[in-house]
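In this note's numbering, the protein residues as written are -8 to 507.
Below, the structure written as structure tokens:
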């Protein structure tokens, strides 16, 4: 068994948005950082969200004012550091007679507009559904008025990967496909034993402080020899989504209220599709095996059809995905009422700190990371240095103005005239300014190498394996992109065959700590 030579300041178990966000912040403050993830980055909860950076309008009903305010502030901060993968999105909330009264919606949206430091996003407006284009997809004469408000859309899996990439660029060791099998502490140091799930190779790492960002597996990680009796409990809540062909032509999303008190979102997705979700139900089982059930699919179809003139049926569904949210168990009677706030549990067996994370959401991951490091500051040498820096320093590819994505697309087409507009737009929205690094000195489409379909080329695949920890076709077509919606099963299989034949299965990032 190989033991890494140095003792790290901080080791992190879990490569979701919380783990990668903490790694980025910690290494940027001058700490030495190690992170291991048993699968691919963002392969758990973090890639199965509703893809929103939002305040959580409905959380106001549960008096979660601090959480909503914090999330609303984070919207524009995150948009500012990652304008390539985050963009503003307007939401239409129709008034449904018999559900929440119009005055309550107006009050909630007034608070939404004013408690969170909104500066760039447009304010709420009232909409006459009989006259405005956003009323056309809805059942005629059933809904007459609505409110339109602002939030943001995010490529969630890429948000995770870019946090990991920035952490690695600053010196963090990032190990994917590496499962922590045992955690022990002695003499003020944690020892984490690990196994590479691809090769079976075993190794160990030592650190002065340990973060358990295992998400749905947070309690499982504690059971691997930590020597603590956790007081907090995790509540697993399943959220499923469906994707259908594009339902309407305008660029707004909808927030629909349901008679059971829940809400669903209907969101323009990947240009040619519409995303509908999510469900909220308690989950009991292996989080790795969660999938959308027929009942959930039918629920989402029925909820959307309550509003849309053209009903959505299960036959319209082209893809489903489901994730398990590891919420803090606050004793709420229903999954929809369980808090989305995050909770920390800090244990110090033998004087060595172990911080476990319960709950959280995509929107507040950066603040969660700051607060985690505040909790660990007595045990870290460089916890206070550069505090707050992650809200000012752009994520990789995000070093541009929030309004300049179209300018970047035009720049790519000028520099690489063989790129079609759709191809340039996809690269700009995925990689930002690093699209130029990806394309390099290519002078023609042939220079990009083999074409796998849907504008995916060999040049991009090699970039993802060398720079973003991609190992399999699934990593590439469902997490680094959503090209799986456009590629056939045969095309995906051909990509996997190419990877096995032309690339080393064990990406150099797995062993080199993610530096490039």
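Even for Gly, the Cβ is constructed at its ideal location relative to N, Cα and C.
Could you pull the DSSP bridge partners for residue i from this structure?
i           : result
residue 161 : Per DSSP, none; premise fails for residue 161.
residue 193 : 186
residue 347 : 203, 336
residue 174 : 183
residue 71  : Beta-bridge pairing links residue 71 to no other residue.
residue 310 : 234
residue 139 : 83, 116
residue 166 : 27
residue -2  : 197
residue 509 : Shown here, the chain extends from -8 to 507; a query on residue 509 therefore has no answer.
Go to residue i, then tell me how far its alpha helix (DSSP H) extends in each direction, as first and last residue.
i           : result
residue 105 : 93 to 105
residue 85  : Segment 77 to 85 is the beta strand (DSSP E) holding residue 85; no alpha helix (DSSP H) there.
residue 369 : Here residue 369 belongs to no alpha helix (DSSP H), and DSSP marks it neither H nor E.
residue 427 : 426 to 430
By the three-class DSSP mapping on this structure, what secondary structure does residue i have?
i           : result
residue 511 : This structure cannot speak to residue 511, because the chain is shown only from -8 to 507.
residue 358 : helix
residue 456 : helix
residue 122 : coil
residue 34  : coil
residue 390 : coil
residue 271 : coil
residue 397 : helix
residue 238 : coil
residue 384 : coil
residue 511 : Residue 511 falls outside the range modelled here, since the chain spans only -8 to 507, and no answer is possible.
residue 115 : coil
residue 12  : helix
residue 508 : Within the shown structure, residues of the chain are numbered from -8 to 507, placing residue 508 beyond reach of any answer.
residue 317 : strand
residue 447 : strand
residue 90  : coil
residue 462 : coil
residue 130 : coil
residue 442 : strand
residue 470 : helix
residue 152 : helix
Counting C-beta neighbours from all protein chains within 10 Å, is the total for residue i 16 or more, i.e. buried, or is it exposed?
i           : result
residue 86  : buried
residue 455 : buried
residue 503 : With a pLDDT of only 41 at residue 503, under the threshold of 50, the placement of this residue in the model should not be trusted, and no figure is reported.
residue 181 : buried
residue 203 : buried
residue 492 : exposed
residue 411 : exposed
residue 220 : exposed
residue 377 : exposed
residue 496 : A caution first: residue 496 carries a pLDDT of 45, below 50, which makes its placement in the model unreliable, though a value can still be read off. By the neighbour-count rule (16 or more Cβ atoms within 10 Å), residue 496 is not buried but exposed.
residue 365 : exposed
residue 434 : exposed
residue -1  : buried
residue 518 : There is simply no residue 518 to check, as the chain begins at -8 and stops at 507 in what is shown.
residue 151 : buried
residue 351 : buried
residue 56  : exposed
Just how far apart, CA to CA, sit residue i and residue j?
i           : j           : result
residue 498 : residue 159 : Low local confidence applies: a pLDDT of 47 at residue 498 is under 50, so the model's placement there is unreliable, with the coordinate-based value given in what follows. Approximately 15 Å, taken between the alpha carbons.
residue 169 : residue 32  : 11 Å
residue 233 : residue 177 : 48 Å
residue 212 : residue 10  : 14 Å
residue 305 : residue 486 : 29 Å
residue 385 : residue 250 : 42 Å
residue 295 : residue 255 : 8 Å
residue 272 : residue 466 : 27 Å
residue 22  : residue 461 : 26 Å
residue 442 : residue 162 : 34 Å
residue 288 : residue 238 : 17 Å
residue 248 : residue 267 : 13 Å
residue 66  : residue 44  : 6 Å
residue 240 : residue 373 : 51 Å
residue 317 : residue 409 : 45 Å
residue 69  : residue 186 : 34 Å
residue 424 : residue 121 : 42 Å
residue 14  : residue 149 : 16 Å
residue 48  : residue 403 : 37 Å
residue 369 : residue 225 : 26 Å
residue 106 : residue 100 : 10 Å
Examine the ligand MG and report whether any of its heavy atoms sits within less than 6 Å of the Cβ of residue i.
i           : result
residue 315 : Judged by which ligands are present, the structure shown has none, so any question about the ligand MG falls away.
Specify, as a first and last residue, the run of the beta strand (DSSP E) that residue i falls within.
i           : result
residue 486 : Unbroken run through residue 486 is the alpha helix (DSSP H), 480 to 493; no beta strand (DSSP E).
residue 212 : No beta strand (DSSP E) contains residue 212, which is instead part of the alpha helix (DSSP H) from 209 to 213.
residue 248 : 244 to 248
residue 285 : Counting along the chain, residue 285 falls outside any beta strand (DSSP E), though it belongs to the alpha helix (DSSP H) covering 285 to 296.
residue 257 : 254 to 260
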